[in-house]
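Chains as they are written, first to last, in the numbering used here: chain V, 56 to 339; chain B, 6 to 305.
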């Protein structure tokens, strides 16, 4: 009851977090990625592409390309337009006129997601990667209650306080990797105006070329030189975290049963996205 | 600020309309479709099938097969389970048991146009072609456009390649057969899925309702099905509409000179749509129509 009332107070002060229900404008630009897909790297690159003079820092990224899960509703309202917003949501048609969707090999996503949650304390330190994949990553049938916010350890750490900013139900749910990707691909795969689907692997291997596609799609009209600048600025964070994770880490890190499980559920989808299954044969 | 106070007051009394954030249960069955795809008729069929002693009408339809967008949190919680819930939402991972109703988008376009006029959502002077290109095919609305809504529900891991840009499923494959419908639908992930084409339901209503009955877990007794079909006929629905249109939330403030229950037929687009409207729809959504067996007529 106390939490509900505090939420209400926050709502009236516009300090609540709207999540998926945030009111959108038709000129909003969305960057969407499943958690663990390298969305932070995309966010940094695109942010630096728009404003290479002021390279994004961990602090400023939340102000300049805020995500749906951390910024107060009132702050979203005050943002200059067109706003650029980051999200983990499944297909949301409302107000999503321009979407850049980042997809990544689910075997690497599993690994990255696992490490991210371990760091944030969102899973038990004793959980093995294999257990995680079997019981969390591939657990695809129970989203009745809030786990969108569970991805971030930061929210978990101050859960009581954070709960006061949220309604007592969920913000939205990224669902499973496959469902998230397929909801966007199924809805907009053939519409190159409303969806630009990028692969994380291409963003790492050919950042300039891939970022040029983003610039063309969003009609940013930036020069090739500025694209180069943005890539350089993103890399020159001066810390290890500024380098994107190398693709293919799953080959040495992901246990065999986990690979098998992921591939047996999503094999043909992975194939279609260019992530050839290693253990499961996909018939054409 | 006033709006926020109203929302807050509603929230305290659990009178807000959470829609996608409603509490839902594993035994809920969702009757999902893009608007104007025969959803209301199917609601009548299902309602009359489940409630044999209580004839479905526009007065009680919201209670019998409730609309997820039409209830406050409190009201929604009070609906007895198991529930069959009507929804126009794009893919929602929380729906575990889904009946997806799909209809030829060219007919959906015709029906949407008259509905938009009935609801006074477009100026009287708007031509059907302008409506189709500027409203109907445009995205950005909550329910998505036809292709977004349908595609988000029909993709699965096996057929995903057909949804990637540049892949047109029918181009090099074998000719379309009814059995290809079995490849469609957001199955997997513990989800039960039943795809129903409106056209098939029109052609063989009893057969279609029998499939629906089995899916929901209702006894598919032939007499029971026949009775439900009779009680949901277009004639009866038209009569009910005349008597009750002012009482039903959907039609309450709409124009009465345009009927909600219209032709109840398929293929109306052939004499209602201009070739350029047909071409616009087919060139944007032909890949999806192809998967569903809705043959394109305009040249590619």
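The C-beta atom is built at its ideal place from N, Cα and C for all residues, glycine as well.
Note that the structure is a prediction, hence the values are computed from the model and not measured.
**OP:** Kindly indicate which residue of 202(B), 157(B) and 55(B) has the alpha-carbon position closest to the one of residue 42(B).
**Re:** Residue 42(B) has its Cα closest to that of 202(B), out of 202(B), 157(B) and 55(B).
Original post:
Since residue 237(B) contacts residue 44(B) with CB under 8 Å, what's their CB separation in whole angstroms?
Top reply: In this structure, residue 237(B) and residue 44(B) do not form a Cβ contact; the two beta carbons are roughly 13 Å apart against a cut-off of 8 Å.
Subject >> Listed by chain order, chain V residues near residue 160(B) by CB distance under 9 Å >> reply: Contact annotation for residue 160(B) against chain V: 237, 238, 240, 241, 242, 244 and 324 [CB-CB distance below 9 Å, chain order].
Original post:
Which value, in whole angstroms, describes the spacing of the CA atoms of residue 213(V) and residue 125(V)?
Top reply: Reliability fails at residue 213(V), whose pLDDT of 49 lies under 50, so the model's placement of it is uncertain and the value that follows must be treated cautiously. Taking the straight line joining both Cα atoms gives about 12 Å.
Subject >> Beta carbon of residue 69(V) nearer than 8 Å to that of residue 136(V) >> reply: In this structure, residue 69(V) lies away from residue 136(V), with their beta-carbon atoms at least 8 Å apart.
Original post:
How far does the alpha helix (DSSP H) with residue 193(V) in it reach, from first residue to last?
Top reply: From DSSP, residue 193(V) is part of no alpha helix (DSSP H); its letter is neither H nor E.
Subject >> Selection of the stretch 41-53 of chain B by Cβ proximity to chain V, strictly under 8 Å >> reply: Along the stretch 41-53 of chain B, none of the residues has a CB nearer than 8 Å to a CB of chain V.
Original post:
DSSP state of residue 135(B), grouped into three classes?
Top reply: Secondary structure at residue 135(B): helix, using DSSP grouped into helix, strand and coil.
**OP:** Consult DSSP for residue 212(V) and reduce its assignment to one of helix, strand or coil.
**Re:** Because the pLDDT of residue 212(V) is 46, which lies under 50, any placement of that residue in the model is unreliable, and the number read from its coordinates should be weighed accordingly. It is helical.
Subject >> Stretch pair the stretch 84-104 of chain V + the stretch 154-169 of chain V: three plus CB contacts closer than 8 Å >> reply: The stretch 84-104 of chain V makes contact with the stretch 154-169 of chain V, as at least three CB pairs between them are under 8 Å.
Original post:
For residue 148(B) and chain V, any beta-carbon pair shorter than 8 Å?
Top reply: Using a Cβ-Cβ cut-off of 8 Å, residue 148(B) counts as an interface residue toward chain V, since at least one Cβ of chain V sits closer than that to its own.
Subject >> Simplified DSSP state of residue 201(B), which is helix, strand or coil >> reply: The answer is strand: DSSP assigns residue 201(B) an E or B state.
**OP:** Could you pull out every unbroken beta strand (DSSP E) segment of at least 3 residues lying fully inside the stretch 77-154 of chain V, listed in chain order?
**Re:** List check, beta strand (DSSP E) in window: 84-88 and 139-142.
Original post:
residue 72(B): which of 59(B), 58(B) and 88(B) sits nearest, CA to CA?
Top reply: The shortest C-alpha separation from residue 72(B) is found at 88(B).
Original post:
Taking just the CA atoms, how far does residue 126(B) sit from residue 212(B)?
Top reply: Roughly 36 Å separates the two Cα atoms.
Original post:
Among 264(B), 81(B), 58(B) and 66(B), which has the Cα closest to the Cα of residue 19(B)?
Top reply: Ranking the options by Cα distance to residue 19(B), first place goes to 81(B).
Subject >> Of the residues 133(V), 300(V) and 172(V), the one placed nearest residue 259(V), counting alpha carbons only >> reply: Check the Cα spacing between residue 259(V) and each of 133(V), 300(V) and 172(V): the tightest is with 300(V).
Subject >> With 16 other Cβ atoms within 10 Å as the buried cut-off, status of residue 275(B) >> reply: Label assigned to residue 275(B): exposed.
**OP:** Could you check what DSSP says for residue 105(B) in three-state terms: helix, strand or coil?
**Re:** It is a strand residue.
**OP:** Compare the beta carbon distance of residue 95(B) and residue 146(V) with 8 Å and say whether it is the shorter of the two.
**Re:** Yes, the pair counts as a contact, with Cβ atoms nearer than the cut-off.
**OP:** Apply the 10 Å Cβ neighbour rule to residue 102(V) and answer buried if 16 or more other Cβ atoms are within range, or exposed otherwise.
**Re:** Around the CB of residue 102(V), 16 or more other CB atoms lie within 10 Å, so the residue is classed as buried.
Original post:
Can you tell me whether residue 334(V) is buried or exposed, with buried defined as 16 or more other CB within 10 angstroms of its CB?
Top reply: Residue environment analysis places residue 334(V) among the exposed positions, since fewer than 16 neighbouring C-beta atoms fall within 10 angstroms of its C-beta.
Subject >> CB contact check: residue 185(V) to chain B, cutoff 8 Å >> reply: It does not; no Cβ of chain B falls within 8 Å.
**OP:** Determine the chain V residues that contact residue 157(B) at a beta-carbon separation under 7 Å, and present them in chain order.
**Re:** Near residue 157(B) (Cβ distances below 7 Å), the residues of chain V are 146, 238, 241 and 242.
Original post:
Since residue 62(B) is in the alpha helix (DSSP H), which residue starts that stretch and which ends it?
Top reply: Where residue 62(B) is concerned, there is no enclosing alpha helix (DSSP H), given that its DSSP letter is neither H nor E.
**OP:** Show which residues of chain B have a CB atom less than 9 Å away from the CB atom of residue 123(V).
**Re:** Residues of chain B with a Cβ closer than 9 Å to the Cβ of residue 123(V) do not exist; the shortest Cβ-Cβ separation is about 14 Å.
Subject >> Residues near residue 193(V) in its chain [Cβ-Cβ closer than 8 Å; skip 5 each side] >> reply: Result list for residue 193(V): 231, 316, 317 and 320, in chain order.
**OP:** Could you pull out every unbroken beta strand (DSSP E) segment of at least 3 residues lying fully inside the stretch 247-332 of chain V, listed in chain order?
**Re:** Counting only runs of 3 or more, we get 250-254.
Original post:
Closest Cβ-Cβ distance between residue 16(B) and chain V: below 8 Å?
Top reply: By this cut-off, residue 16(B) is an interface position.
Subject >> Span separating the alpha-carbon of residue 15(B) from that of residue 63(V) >> reply: When only Cα atoms are considered, residue 15(B) and residue 63(V) end up about 11 Å apart.
Subject >> For residue 138(B) and residue 285(B), the rounded distance between their alpha carbons >> reply: Answer to the nearest angstrom: the Cα atoms are 8 Å apart.
Original post:
Closest Cβ-Cβ distance between residue 228(V) and chain B: below 8 Å?
Top reply: True, the Cβ-Cβ gap to chain B drops below 8 Å.
Subject >> Rounded C-alpha distance that separates residue 13(B) from residue 233(B) >> reply: Their backbone Cα atoms lie some 42 Å apart in a straight line.
**OP:** Could you name each continuous beta strand (DSSP E) segment of 3 residues or more that falls completely within the stretch 220-275 of chain B, going from the start of the chain to the end?
**Re:** Inside the stretch 220-275 of chain B, DSSP marks no whole beta strand (DSSP E) run of 3 or more residues.
Subject >> Close-in-space but distant-in-sequence residues of the same chain around residue 161(B) (CB under 7 Å, 5 per side omitted) >> reply: 190, 191, 192 and 193.
**OP:** Kindly indicate if chain V contains any beta-carbon less than 8 Å away from that of residue 288(B).
**Re:** Chain V, which has no Cβ nearer than 8 Å to the Cβ of residue 288(B), makes this no.
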